[in-house]
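See structure below.
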Ligand code: RB5
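Residue numbers (the working numbering): 55 to 196.
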């Protein structure tokens, strides 16, 4: 799978480790930055990832910032994005099964790296349930 990944300064370390993990599992990873731990603005990295997902240049995205909220808020401004914030494995499962999240957002400052890997693994291997959940996500766009 071709997966895009973006982060702000709070997410650099997890992004680097996660990239190695995903490549080790055979995925292609496209890096949308940042690769610097200097303070920066999450929105500068969230928008390019969102455009790439919307255009089909990557199949899915992963976004990392301190709480995850800045990334999620920015990504969800895009009509073609359903960015879901997860903080444990059960939520990562449900954000795929119920919400068909095409971007998984994780909070670097509030989740261990071990938990982040568990969330990413769960989200990638869980199918969307459809049915009533399809009806609900169809009502999201304004
Ligand atoms: C950066 O300090 C922090 O504000 C950012 O990573 C994120 O938590 C914002 O939502």
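The beta carbon of each residue, even a glycine, is placed where N, CA and C say it ideally should be.
No Cβ-Cβ contact shorter than 7 Å links residue 96 with residue 167. Within the model, the alpha-carbon separation for residue 190 versus residue 110 is close to 23 Å.
The way I'd put it, the segment 57 to 67 does touch the segment 85 to 103; three or more beta-carbon pairs between them come closer than 8 Å.
For residue 159 against residue 177, the beta-carbon gap comes to about 10 Å, at or over 8 Å, which does not count as contact.
Distances from the CB of residue 121 to the heavy atoms of ligand 1 include at least one below 6 Å. Between ligand 1 and the CB of residue 80, the shortest heavy atom gap is not smaller than 6 Å. For residue 139, the three-state secondary structure derived from DSSP is strand. Note that the C-beta distance between residue 127 and residue 119 is not below 7 Å. Per DSSP, residue 77 is one residue of the alpha helix (DSSP H) stretching across 66 to 78. Taken through DSSP and simplified to helix, strand or coil, residue 112 comes out as coil.
Looking only at 171, 104 and 136, the smallest Cα-Cα distance to residue 182 is reached by 136. Here the distance from the Cβ of residue 95 to the nearest heavy atom of ligand 1 is not below 6 Å.
For residue 61, the uninterrupted beta strand (DSSP E) segment begins and ends at 56 to 61.
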